[in-house]
Structure formats: C-alpha cells, structure tokens
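Chemist:
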Amino acid sequence: MQLSASDLRIERGGRTVICNLSFTVRSGKCLALTGPNGAGKSTLLRALAGLLPLAGGTISLEPESDEPLAAQAHYVGHADATKNVLTLAENLDFVGALLNISQGGMVADDALARLGLGRLKRLPAAYLSAGQRRRLALARLLAAHRPIWLLDEPLTALDASSQMTARKIMATHMEEGGIIIAATHTPLELASAELRLGENG
Amino acid sequence: MKSAKLAKPRKRSPLLALFLRDFKVARRIGGGMSLGLIFFLILITLTAFAIGPDLALLAKIAPAIVWIAGLLSTLLGLDRLFQSDHEDGSLDLILTSAAPLELVILVKCLAHWIVTGLPLAAIAPFLGLMLNLPVGQLLSVCLSLLVGTPALTLIGAIGAALTVSLRRGGLLLAILILPLSVPVLIFGVAAAGAGAQPLIPPATPFLFLCALTLFALAGAPFAAAFALRQAGL
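Below, the structure is given as structure tokens:
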C-alpha cells in the first residue's frame, strides 16, 4: 500500500495554507508532520481525511480501491469525538459499529484494556481527565481496523507510560503494514520520516 | 496485542449504531422526551389562559393552537442536531465512516423525531380536550401531527446543517426555518380541523400534508448534506 500526494494546494478561509506539497508514504512507514503553530499540519490531516476539499493537486492510494481514502483512514483530531453521557464502552462500541463494516477490529473491552482504561469502562466519559479522554480517542484505532492512521497530536496530555503505550501501538501498526501520518510537537521516537511544514508550505 | 482476541467480523450496521447512540444521548441529556412535552403542555395551557373562558372560540382555534405549539416544541433542541456532534468531533468521525451522509442525516432526524415529534402526536388528543376540541377531531389532530411533524424535523435539519458552526445558532435557525414550515402549518391545521369546514373533503388537506412530508423526506437530507459539506468543516 502506498499513499501519495502531489502538488497539494489547500485553502482555509480563502487563504492558501499549503501549496505545492508532494509526498509519498509506503506501507509500514510513518510520516511525522512538524512545523510551527499555524503551519498547516492539522489542515493537511483534515484534507487527507477528506474533511476539507482540495483546492488543487491529487491524493492517490495504491493499490487502487473502490473505497475512498476517508473510508480507509482513522482520523483522530483535537476533538475526541466522545459523548459525555455515554460510558467508555458505549462510546467505543459505537465507533466499532460505525467504522468497521467488514475489516474487523478489537472488542471494545480489549481495546480499552490495552490503553489502561479497562476499569473505567462503565463510567460516563464526562468524568475522564484530559489524558484519559486522549487514551479513549486512541482506543478507537484498535476498535476498528483501518490501514491508514491520521493522527493530530496523538501524544498530547498523555503521561509518560501512556506515551510509551501509544508508541507501541503505533509501532505494531507499522509492523503490520499500516501507514501513519501524525502531526506532532512531541518526538514520536518511531522510525519515521519528517515533513516540515513552514510558513511557506 | 497478539493475545487480545479480535472481534468476529460483525455485521452491525453503522446506521443502526448511530440511531441507537442518538437515542441514548437524547434520553440521557436534560430529561430528553419529557422536556419537549412539558414545553408543549405549557404553550397550550398559556394560550388557553390568555384566551379566557370562551369555549366556542377555543374549540374553533384549538387545531391552530396545537399546531403552533407543536411547531415550537419541535424547534426545541433542533439546533443541537448536528452542532453537538460538530463540537465534540463526532461529525468528523461520522464523515469518515462509509455510510452516506444523506442516510446519516435521515437516521439522525428519525432519532430526533422519535424523541420529540412522536410524543407530541401521542399526547395531543389529551391536550385537545383541554382546549374544548370536539371529540370527533381528536383523532384528526393526532394523525395530522403524526404525519406532519416529520416534515418539520426534516426542514429543521436543513437549518441545523446551515447553522452547524455558529455558537448561538438557535435563533438564526428559527428565523431560517419557520418561514419554510408555513406550508406544513397550513395543511397541518386544515387536516387537524378536518370536518370543521364543510366545503373541503376531509381527506384533501391530510393528503397534502402527507405529500409535504414525503417531499421533505426526499429533499431535505440532500440539502442538509450539501450544507454540512460546504460548512468548511
């Protein structure tokens, strides 16, 4: 599997944020997006997830598939997509049912246990701390299998041991042939290529 | 990770999961069903107090009162239809699922209607008694709300999609969609008061109301999906 982008141009609010950007990520590789605040890291991830229209350029996936890129990718953004009134298990069950039609994935309980949230599974998500919410968001990656992970600041608010867990999960995904594109300020400490976005794109 | 058991390839439908989730969230937040019903009850009671003890007049305008109260109660919470999902990022998640956005919107409207519109239709006959509505019209009031409120929810979904990224979009939503719901109101009141006007066959306004709901059912999901995609999410 290979994800390539060529001559991307993305606009936000009528302003060109990214222009003439090309890159290729192969199976089992991780691309770390770095750069100052406002450089367009999140914008690029949203565009890859199909949430923002491209103003120019193409994104292609090999081998070609009937499903659009968005349907093969996990997008974990700043917002955690968590409903406060639902319990952790209910939140994750919903994600599993929503995202995996045929690909399979972990049972919600196991995914929660992997992120160290097993004991809290019957707790409404409103009571979680910022780091625990982040871990719940990351548990989505396990609850539904998708080959491409688009992660926006995956390690924010996580404590040291949770960061290690998150890194291990990402490393396993790469070993299994997945693709990770992550915007980050914290070093991922994974064998990753770095794409630095500057003010000029 | 290897030791964790993988889920069997489940054939759980994404749309069913979405429906159940919306239903659960609506029931757990702020009283869910009861809030809209109490608002409906208060509106009807207030009107009855305001008009006073003229029973003949009350009976004459009862269908109109019930329908206006129903329209306003449907508006309640409609602004949060997509906004709450937009704010917590769930909308991004839903957009990356393989389910078509138009169907997603339809399912969300269904969940919203079951929590707001359906209970209104169910208790309308009892409130109709409070307004001295002739017993023969109780059923037609109930039926007109049952058939007409889905159209209100669907039209409201367009407004909710247009105002998805506005923090205080509730008022704008009302201004946007209340004029659009005029046809539903006209035929809804006519269908509810069927039998009162001897010139029109009773079924005619009811069938027009059905047509409006079907029209909204066919058109609104596409309009709302277009608005959501344009919102620059």
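So the protein lines, in turn, are chains U and S.
For the first sequence, the numbering used here gives the first residue as 2, with consecutive numbering after it.
For the second sequence, the numbering used here gives the first residue as 9, with consecutive numbering after it.
We put the beta carbon where it would ideally sit given N, CA and C, even for glycine.
#1: Tell me, please, whether the CB atom of U/Gly-41 is closer than 8 Å to any CB atom in chain S?
#2: Does any residue of chain U have a CB that is nearer than 8 Å to the CB of S/Ala-106?
#3: If I follow the unbroken beta strand (DSSP E) through U/Ser-193, where does it start and stop?
#4: So which residues on chain U does S/Asp-96 lean against when the C-beta distance must stay under 9 Å?
#5: Among U/Asp-81, U/Leu-52, U/Asp-8 and U/Cys-31, which residue has its Cα nearest to the Cα of U/Cys-20?
#6: Excluding five sequence neighbours on each side, which residues of the same chain lie with their C-beta closer than 7 Å to the C-beta of S/Thr-121?
#7: Give the range of the beta strand (DSSP E) segment to which U/Lys-26 is assigned.
#8: Quick one, are the C-beta atoms of S/Ile-52 and S/Ile-73 less than 8 Å apart?
#9: Apply the 10 Å Cβ neighbour rule to S/Val-190 and answer buried if 16 or more other Cβ atoms are within range, or exposed otherwise.
#10: Taking contact to mean at least 3 C-beta pairs separated by less than 8 Å, is the stretch 79–86 of chain S in contact with the stretch 171–189 of chain U?
#11: Is there a Cβ of chain U sitting closer than 8 Å to that of S/Ile-183, yes or no?
#12: Locate the alpha helix (DSSP H) running through S/Glu-110, then write down its first and last residues.
#13: Once you ignore the five residues that flank S/Thr-221 on each side, which residues in its own chain have a CB closer than 7 Å to its CB?
#14: What does S/Lys-32 touch in chain U if you count any residue whose Cβ is under 8 Å from its own?
#15: Locate the alpha helix (DSSP H) running through S/Gly-78, then write down its first and last residues.
#16: Since U/Glu-68 meets chain S, which of its residues come closer than 7 Å, beta carbon to beta carbon?
#17: Is the Cβ of U/Ala-98 closer than 8 Å to any Cβ of chain S?
#18: Give a yes or no on whether the minimum CB-CB distance between S/Ile-113 and chain U is below 8 Å.
#19: Measure the C-alpha to C-alpha separation of U/Leu-159 and U/Ala-109 and round it to an integer number of angstroms.
#20: Can you tell me which of U/Ser-162, U/Trp-150 and U/Ser-193 puts its alpha carbon nearest to the alpha carbon of U/Ile-180?
#21: Could you name the residues of chain U that S/Ile-102 contacts, counting a contact when the two beta carbons are closer than 9 Å?
#22: Taking S/Pro-22 as the query, report the chain U residues whose CB atoms sit under 8 Å from its CB, ordered along the chain.
#23: Under 7 Å from any heavy atom of the ligand PLP, does the C-beta of U/Tyr-128 make it?
#24: Less than 7 Å between C-beta atoms, sequence neighbours within five positions excluded: which residues of the same chain meet that for S/Ala-239?
#25: Restricting to Cα atoms, I'd like to know which of U/Thr-83, U/Thr-35 and U/Leu-4 is closest to S/Asp-100.
#26: With DSSP collapsed to three states, give me the class of S/Val-172.
#27: Of all the CB atoms in chain S, is at least one closer than 8 Å to the CB of U/Tyr-128?
#28: Do S/Ile-169 and S/Phe-90 have their C-beta atoms within less than 8 Å of each other?
Modeler: According to the structure shown:
#1: Counting from one through the first sequence, the residue named residue 41 of chain U turns up at place 40. No, U/Gly-41 does not count as interfacial toward chain S.
#2: Position 98 of the second sequence, counted from the first residue, corresponds to residue 106 of chain S. Chain U, which has a Cβ nearer than 8 Å to the Cβ of S/Ala-106, makes this yes.
#3: Counted from its first residue, the first sequence places residue 193 of chain U at position 192. That run of the beta strand (DSSP E) goes 193–197.
#4: Working through the second sequence from its first residue, we reach residue 96 of chain S at position 88. Per Cβ cutoff of 9 Å: Ala-80, Asp-81, Ala-82, Thr-83, Lys-84 and Asn-85.
#5: By one-based count along the first sequence, residue 20 of chain U stands at place 19. Nearest C-alpha to U/Cys-20: U/Asp-8.
#6: In the second sequence, counting from the first residue as 1, residue 121 of chain S sits at position 113. The amino acid at residue 121 of chain S is misidentified as Thr; the sequence shows Trp. Excluding positions up to five away in sequence, the list reads Thr-157, Pro-158 and Thr-161.
#7: As a working mapping, residue 26 of chain U is identified with position 25 in the first sequence. It is Val, not Lys, that sits at residue 26 of chain U in the sequence shown. Taken as a continuous stretch (DSSP letters only), the beta strand (DSSP E) holding U/Val-26 covers 16–27.
#8: Taking the first residue of the second sequence as 1, we reach residue 52 of chain S at position 44. Taking the first residue of the second sequence as 1, we reach residue 73 of chain S at position 65. Yes; because the gap between Cβ atoms is below 8 Å, this pair is in contact.
#9: Here the question's residue 190 of chain S lines up with position 182 in the second sequence. Exposed, since its Cβ has fewer than 16 Cβ neighbours within 10 Å.
#10: no
#11: Mapped onto the second sequence, residue 183 of chain S falls at position 175. Chain U contact via Cβ: absent.
#12: As a position in the second sequence, residue 110 of chain S is number 102, starting the count at 1. Looking at the DSSP string, the run of the alpha helix (DSSP H) that includes S/Glu-110 is 109–123.
#13: Position 213 of the second sequence, counted from the first residue, corresponds to residue 221 of chain S. The answer, listed in chain order, is Val-155, Gly-156, Pro-158 and Ala-159.
#14: The sequence position of residue 32 of chain S within the second sequence is 24, counting from 1. Under the 8 Å cutoff, chain U gives Val-86, Leu-87 and Glu-91.
#15: Within the second sequence, numbered from 1, the residue matching residue 78 of chain S stands at position 70. Counting along the chain, the alpha helix (DSSP H) containing S/Gly-78 begins and ends at 63–83.
#16: Position 67 of the first sequence, counting from 1, holds the residue named residue 68 of chain U. Neighbours of U/Glu-68 on chain S, chain order: Ala-106.
#17: Counting from one through the first sequence, the residue named residue 98 of chain U turns up at place 97. Yes, contact with chain S.
#18: Taking the second sequence and counting its residues from 1, the one referred to as residue 113 of chain S is at position 105. Chain U contact via Cβ: absent.
#19: The residue given as residue 159 of chain U occupies position 158 in the first sequence. The residue given as residue 109 of chain U occupies position 108 in the first sequence. Cα to Cα, U/Leu-159 sits roughly 20 Å from U/Ala-109.
#20: Within the first sequence, residue 180 of chain U is the residue found at index 179, counting from 1. The candidate whose alpha carbon is nearest that of U/Ile-180 is U/Trp-150.
#21: The sequence position of residue 102 of chain S within the second sequence is 94, counting from 1. Result: Ala-82 and Leu-99.
#22: Taking the first residue of the second sequence as position 1, residue 22 of chain S is located at position 14. In chain order: Ala-98, Leu-99, Leu-100 and Ile-102.
#23: No copy of the ligand PLP appears in this structure; indeed no ligand is present at all.
#24: As a first step, residue 239 of chain S is located in the second sequence; it is residue number 231 there, counting from the start. Val-172 and Ser-173.
#25: The residue labelled residue 100 of chain S in the question sits at position 92 within the second sequence. The shortest Cα separation from S/Asp-100 among U/Thr-83, U/Thr-35 and U/Leu-4 belongs to U/Thr-83.
#26: Indexing the second sequence from 1 puts residue 172 of chain S at position 164. The answer is coil: DSSP assigns S/Val-172 none of H, G, I, E or B.
#27: Looking up residue 128 of chain U in the first sequence gives position 127. No - not a single Cβ of chain S is within 8 Å of the one on U/Tyr-128.
#28: Along the second sequence, one-based indexing puts residue 169 of chain S at 161. Along the second sequence, one-based indexing puts residue 90 of chain S at 82. Sequence inspection shows Ala at residue 169 of chain S; the Ile mentioned does not correspond to that position. Cβ distance < 8 Å, so S/Ala-169 and S/Phe-90 count as in contact.
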